[in-house]
Amino acid sequence: GQQVMQIPQYQHVQEGEDFTTYCNSSTTLSNIQWYKQRPGGHPVFLIQLVKSGEVKKQKRLTFQFGEAKKNSSLHITATQTTDVGTYFCAGDLSGNTGKLIFGQGTTLQVKP
Amino acid sequence: DVKVTQSSRYLVKRTGEKVFLECVQDMDHENMFWYRQDPGLGLRLIYFSYDVKMKEKGDIPEGYSVSREKKERFSLILESASTNQTSMYLCACRRRSSYNEQFFGPGTRLTVL
Numbered sequence: 716g717q718q719v720m721q722i723p724q725y726q727h728v729q730e731g732e733d734f735t736t737y738c739n740s741s742t743t744l745s746n747i748q749w750y751k752q753r754p755g756g757h758p759v760f761l762i763q764l765v766k767s768g769e770v771k772k773q774k775r776l777t778f779q780f781g782e783a784k785k786n787s788s789l790h791i792t793a794t795q796t797t798d799v800g801t802y803f804c805a806g807d808l809s810g811n812t813g814k815l816i817f818g819q820g821t822t823l824q825v826k827p
Numbered sequence: 223d224v225k226v227t228q229s230s231r232y233l234v235k236r237t238g239e240k241v242f243l244e245c246v247q248d249m250d251h252e253n254m255f256w257y258r259q260d261p262g263l264g265l266r267l268i269y270f271s272y273d274v275k276m277k278e279k280g281d282i283p284e285g286y287s288v289s290r291e292k293k294e295r296f297s298l299i300l301e302s303a304s305t306n307q308t309s310m311y312l313c314a315c316r317r318r319s320s321y322n323e324q325f326f327g328p329g330t331r332l333t334v335l
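Those protein sequences? They're chains A and B, same order as listed.
Going by our numbering, the first sequence wraps up at 827, each residue one higher than the last.
Going by our numbering, the second sequence wraps up at 335, each residue one higher than the last.
In structure tokens:
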């Protein structure tokens, strides 16, 4: 079946270092969404990418959607302790049903 | 703001019991979803519902059923709980039109002994 693979599973960084997580889909996606889950919390929507090659920024976070719409990345510049959590990508095959295929998530730990 | 509530934060049940997990949303969203979250596996879709009385199987429906009699409420039922159903269960809702995000509830951590 369709899969979205996300790497790495864990990342420990020193505060101030950069962080990147990658998603790869086995099939072309209509769009991709990113969610953040703080420890003990629930996933919260961050952003959605729809267009091929799209790049969006939210302060220190940069999101990219690949040209073939099969891969995506989230890059955090100069991590802070508030960035701690698990980041999930979620691929949408059709754009209409709302049915998402979630990656396994990348758990980010930031050492102060 | 969308509010999604789940009936219990923590639940402990015994093997073979029938378990009901309730989810209620207050924003009149058409789509509702049930996921389970396990370490290293991400979120896996159990069932989803496009609208009232409509339901479709997700990726791992075995051992589960659902009910959506009212738009705001989506129930997940474990007919006969087993230890391998010990997990975090997350409910989500979404407005039906294209390219909308999902809003999640706080989750229910279910332990089956």
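Think of the CB as a built atom: it goes at the ideal place given N, C-alpha and C, for glycine as much as any other residue.
Chain A residues whose Cβ lies nearer than 7 Å to that of Y321 (chain B):
Within chain A, the residues near Y321 (chain B) are N746, Q763, V765, G810.
What residues match up with H727 (chain A) in a beta bridge as DSSP calls it?
A:Q824
Check whether E732 (chain A) and P827 (chain A) have beta carbons under 7 Å apart
no
Exposed or buried, what is H757 (chain A) when buried is set at 16 or more other beta-carbons lying within 10 Å of its beta-carbon?
buried
Exposed or buried, D807 (chain A), counting other C-beta atoms within 10 Å across all chains shown (16 or more means buried)?
Flag for D807 (chain A) reads buried.
Take the Cβ of V241 (chain B) as the centre, count every other Cβ of all protein chains shown within 10 Å, and call the residue buried at 16 or more, exposed below.
buried
Spatial distance of S767 (chain A) from G238 (chain B) (CA atoms)
S767 (chain A) and G238 (chain B) have their C-alpha atoms roughly 49 Å apart.
Would you mind working out which of B:T333, B:E291, B:R295, B:L263 sits nearest I282 (chain B), comparing C-alpha positions?
B:L263
CB K772 (chain A) to CB V759 (chain A), shorter than 7 Å?
no
Run down chain A in chain order and give the residues with a C-beta less than 8 Å from the C-beta of R316 (chain B).
G813
So the beta strand (DSSP E) Y750 (chain A) belongs to, where does it begin and stop?
For Y750 (chain A), the uninterrupted beta strand (DSSP E) segment begins and ends at 746-752.
Going along the chain, which residues of the segment 767-783 of chain A sit with their C-beta nearer than 8 Å to a C-beta in chain B?
none
With DSSP as the reference, label D281 (chain B) as helix, strand or coil.
coil
Taking Cβ positions only, does L233 (chain B) come closer than 7 Å to chain A?
no
Taking 8 Å as the cut-off, does the segment 305-324 of chain B touch the segment 794-803 of chain A (at least 3 CB pairs, one atom from each stretch)?
no
So the candidates are B:P328, B:E252, B:V334, B:S229; which of them puts its Cα closest to the Cα of T305 (chain B)?
B:V334
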